[in-house]
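A short write-up of the structure that comes next.
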Amino acid sequence: MNYADIYKRSLDDPEGFWMEQAEAIDWDQKPSKALFSDNAPLYEWFKDAQVNTCYNAVDRHVLAGNGDRVAIIYDSPVTHTKQEITYAELQTRVASLAGALRAKGVEKGDRVIIYMPMVPEALEAMLACTRIGAVHSVVFGGFAANELAVRIDDATPKAIIASSCGIEPGRVVHYKPLLDGAIDLATHKPEFCVIFQREQEVANLSEGRDYDWHGFQYGVEPAECVPVSGDHPAYILYTSGTTGQPKGVMRPTAGHLVALNWTMKNLYDVDSGDVFWAASDVGWVVGHSYICYGPLIHGNTTVVFEGKPIGTPDAGTFWRVVEEHKVKSFFSAPTAFRAVKREDPQGELIKNYDLSSLKTVYLAGERADPDTIEWMQTHLGKPIIDHWWQTETGFAIAANPMGIEPLPVKIGSPTVAMPGYDVQVLDEGGHPMKTGELGAIAIKLPLPPGTLPNLWNAEARFVKSYLTTFPGYYETGDAGMIDADGYLYIMARTDDVINVAGHRLSTGAMEEVLAGHPDVAECAVIGVSDALKGQMPMGFVCLNAGVDRPHGDIIKEIVQRVRDQIGPVAAFKLACVVDRLPKTRSGKILRGTMVSIADGKDFKMPATIDDPAILDEIAVALKGLGYPQG
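Laid out in C-alpha cells, this is it:
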C-alpha cells in the first residue's frame, strides 16, 4: 500500500488500522478494542490491555535470541568515553535498579523524577521505572533549582534519581547542589534520592536520604516486569506553559508502545538491528521517544551522545559518530546543523568521513530554514527530511513516510500528515480555510495512539489549553497552511512560547523573573529571529520611578536572574531599559508588533494602539541591541 491508501485507512477505519499495528507489541493481555470514546473528548486507546514497556523494549529481544545485539552505544567526547551495552546486559542492569527501587518501597503508580545528563544510566533509570510500573518524570539535567522544585511539587515523587554532575565543554555542571536546592525549595520532599557518582565530580551525599547508585543496588533481588493497564502513564514530561507554570504531559503506556514501534520503520525506515541516532537529550520529548523508547521497542541500536555539534572537538563530531557507529538514520534539530554550518561553511570536515551507512537525516524541534536544508543537501548528498511534532503528541504529526513511500521534498514543509492525524487549518471561528490560506492548525479528534490523553492532575487546564478554542479539535498552537498537494507548512506560533535552539520556552515565565527584580516596574519578553538558534529571547524593562542606578548593572542582574531561575537553556542575554512599552488602549502589550520591528518585517499599525510614538522609541532601543540584524 502507498502512503495515500494507508493514511486514508487510518482515518476511515482507525479501529482496524491501529489494532493491526498493535499486533507488533507483546501483550500480557491483548486489548479488546483500540479506541475508547466513552469519556470523549478525552479519548483513550487500548485501555483494557495489560502490558509492560520495559518488557517490550528490552526483555523480549533477549528472549528472541538477540541478547548479544548492541542496544546502546554511548559516545561521550566530553569525557573521552565510549561504551557498548547489549540487550542482555541492559536487561541485567535495568532489572537490578528496578529491584532496588522496589525494595525501597517504589510501587506501581509512584512517581520518580530523573535528573541526569546524557549517560546510559539515564535510560536505565527510565526503563527501571517502567519495569515496575512507576511513572518517571525526566527533568533536563542542569535545570535551575526553582524549576526543578516546581516539578517536584507537581509530580510529588517518592524518589529522585540524579547524577552528581553533567559535563559541558570546558566546565562541570554541578547537579547535586541544584538538586539539594530544589528539595529545600519544594513543599513536597522525596523519601530518598539515588545519586550516580561520576568520576569528574563526586558529590557529598545527605545522610539518611541519599544513596550511591552502585551501593543502592548491591545484594538486591532483580525485579521482573510488572504488567500495567493500557492507560497507565508511562511518564510525565513537563513542557512550557504560557502562564509560566509547566504542563505535565502524560504518555499512556499502550498507545506509546504501538505508535513508536510503528514509526521506526514507516517514518525513519530502519529495520531491527539498524543503528538509529537522535542527537538530543533525555530531558526533551525527542530523548524519550527516539533515544530511549522507540529504537529499543523496535530492536534497534540507539546512540547516546554526550557532546555538542561543535567544540567537542570540532564541527566534524557528528560525521565522526555516523562513520564510527555506522548510523543509518540521524535526527537532530536545525539549530545543531546551523552551528555546524557556521563553523564549517564549505563542508570541508564532512569530506573527512565515510558516511556511506547514512541513508537519511531528519530535522525537527523548530522550523527548518531553507538555507540550512540546502547546505545539508549540497554537502551531505542525502535526503534531508523535516518533520513536525510536539511534546504533547510524542511522535510526528507531519512527516515524510520514508519507510512507506518517500515523497518529494518541498523545502519549508514537513511534508504531509501522518496516519491518525486529521490535520486541518481553521479560521478564528473554527471554519476550514481555503488551500494556501494561513490559519490556526488543529487536529480533528480523536488524536492517534501515543498522544497525550490528559495533563497530570490538571484536566481542566488540558481542556482549556487544547480542546476549547475549536470544539472537536486539538489546538496545536501553531499557525500555517496546507497547499494543493496536501503539504503542510508551519509558519508561526500562535502563543508566546518561543523556540530557542529546539527548546520551547515561555516568554511569560521569563517576564515573571524580570518582574521580580526590585527595580523593574514593568517588562515584556519577545522572541526575535536568530540565525543560529532560530529565536532568542529579548527583554524590555521599565524601571520604577526614582531608580537612578546605571542601566548596565540592572541589565546584568536581570540576565543573571533568568539564568538562575530558568537556566542557561533560555539563552537570555538581550535586554534593554525603555521608558514605556507599546500597548493597546485596553493595556495589552503589543508583543507581536515589537517582534516585527526586531525582525525587520513590515507591519500594520495596530488600530487599538494607545500611542504610536512609542514604537519609534522601541525601534531605537532595538537598534542599540543590533536589531534588525544586518
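Just so we're aligned: the sequence shown equals residues 1 to 630 in UniProt numbering. We treat Cβ as the ideally placed atom computed from N, Cα and C, and that holds for glycine. All values derive from a computational prediction rather than experimental measurement.
At the level of alpha carbons, what is the spacing between residue i and residue j?
i: L426; j: V547; result: 47 Å
i: A149; j: G255; result: 30 Å
i: P14; j: Y87; result: 33 Å
i: A613; j: M536; result: 26 Å
i: G534; j: N499; result: 7 Å
i: L42; j: K464; result: 12 Å
i: I554; j: F540; result: 12 Å
i: S10; j: P419; result: 5 Å
i: V304; j: F140; result: 15 Å
i: residue 634; j: G65; result: Outside the shown range of the chain (1 to 630) lies residue 634, about which nothing can therefore be said.
i: D184; j: D530; result: 37 Å
i: C193; j: D281; result: 22 Å
i: V58; j: V275; result: 16 Å
i: I152; j: M491; result: 35 Å
i: P345; j: E121; result: 36 Å
i: H136; j: P471; result: 31 Å
i: T302; j: I73; result: 6 Å
i: V270; j: N300; result: 8 Å
i: S272; j: V620; result: 57 Å
i: K308; j: T317; result: 8 Å
i: G412; j: W319; result: 25 Å
i: M116; j: T335; result: 22 Å
i: M1; j: C165; result: 49 Å
i: V119; j: I397; result: 29 Å
i: Y3; j: A125; result: 37 Å
i: V569; j: H503; result: 8 Å
i: D478; j: I441; result: 6 Å
i: L205; j: D371; result: 49 Å
i: E348; j: L380; result: 11 Å
i: P582; j: F572; result: 21 Å
Based on the DSSP secondary-structure assignment, which residues constitute the bridge partners of residue i?
i: R111; result: V135
i: P252; result: P233
i: E168; result: R171
i: V70; result: T86
i: W388; result: A398
i: G534; result: V500, D530
i: E522; result: C542
i: A417; result: A398
i: P432; result: L426
i: T81; result: S76
Just confirm the distance between the C-beta atoms of residue i and residue j, as a whole number of angstroms; I'd bet it's less than 8 Å.
i: T253; j: G294; result: Contact doesn't hold; Cβ gap of about 14 Å is too wide.
i: F395; j: W388; result: The pair is not a contact, with the Cβ atoms about 11 Å apart (cut-off 8 Å).
i: L574; j: M538; result: 4 Å
i: W27; j: L35; result: So it is not a contact: roughly 17 Å between Cβ atoms.
i: P401; j: L267; result: 6 Å
i: Y474; j: L455; result: That belief does not hold up - the Cβ atoms of Y474 and L455 are roughly 13 Å apart, past 8 Å.
i: L615; j: I597; result: 7 Å
i: I113; j: I160; result: 5 Å
i: V513; j: I566; result: 6 Å
Counting only the same chain and skipping the five closest in sequence on each side, list residues whose C-beta sits under 6 Å from that of residue i.
i: D386; result: L363, A368, P414
i: E343; result: I310, A315
i: T393; result: T451
i: V595; result: I526
i: R563; result: none
i: L123; result: C292
i: K82; result: D75
i: S37; result: Y43
i: Q629; result: none
i: F603; result: T593, S596
i: G365; result: A333, G502
i: D210; result: C193, I195
In its own chain, which residues sit with a C-beta less than 8 Å from the C-beta of residue i, not counting the 5 before and 5 after it?
i: C54; result: V94, A98, L127, A128, T130, R131, C225
i: R111; result: A134, V135, H136, S137, A155, T156, P157, K158, I236
i: R549; result: D519
i: G230; result: P31, E44, W45, F46, K47, D48, A49, Q50, V51, P252, T253, A254, G255
Can you find the residues in the same chain that come closer than 7 Å, C-beta to C-beta, to residue i, ignoring five residues on each side of it along the sequence?
i: D579; result: C542, E617
i: P169; result: V78, K308, G311, T312
i: V528; result: Q535, M536, M538, V595, A598, D599, Y627
query: If you pair each beta-carbon of the region 221 to 239 with each one of the region 184 to 199, do three or more pairs fall below 8 Å?
result: no
message: Using 8 Å as the cut-off, can you tell me whether the region 133 to 150 makes contact with the region 195 to 205, which would need three or more C-beta pairs spanning the two stretches below that distance?
response: no
- prompt: Are the region 508 to 525 and the region 351 to 361 touching, with three or more C-beta to C-beta distances below 8 Å?
  reply: no
- request: Evaluate contact between the region 232 to 241 and the region 426 to 442, counting only Cβ atoms and requiring at least three cross-stretch pairs below 8 Å.
  value: no
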